[in-house]
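Per my numbering, the sequence shown starts with residue 245, numbered consecutively. Here the structure comes first, spelled out in structure tokens, and everything after it is commentary.
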Amino acid sequence: MQKKQVSELSELKEKKDKKYLENKVRKWRKEIYPKALKSVEISHELKQKLEALERAYTEGYISEDSYNKGKSRLESEGKK
């Protein structure tokens, strides 16, 4: 998405339409940045869950099989 924005931005700069360029950048801020923040929040949340899972396994509260299943589930959520 960033590559697309960079190419679009360079095209807009060539046209020298500052008003349209400013509007486009404002639109990107409203659309893109909240998505990026949400992604960071999700990854932080998944890291916390993984740490809790590892701690439960090392302290003996869950089995190795449960640990591996939970870890693979969390990793697959992180890839989405």
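Quick reminder that beta carbons are idealized off the backbone N, C-alpha and C, glycines included. Keep in mind the model is a prediction, meaning the values are calculated, not measured.
What separation, rounded to the nearest whole angstrom, lies between the Cα atoms of residue i and residue j?
i	j	result
K259	A280	29 Å
E303	A296	11 Å
E266	H288	32 Å
I306	N312	10 Å
E252	R299	47 Å
P278	R317	25 Å
K271	K257	16 Å
E308	Y301	7 Å
I276	E285	14 Å
Could you tell me how far apart the beta carbons of residue i and residue j are, in whole angstroms, since I believe they sit closer than 8 Å?
i	j	result
E321	L290	6 Å
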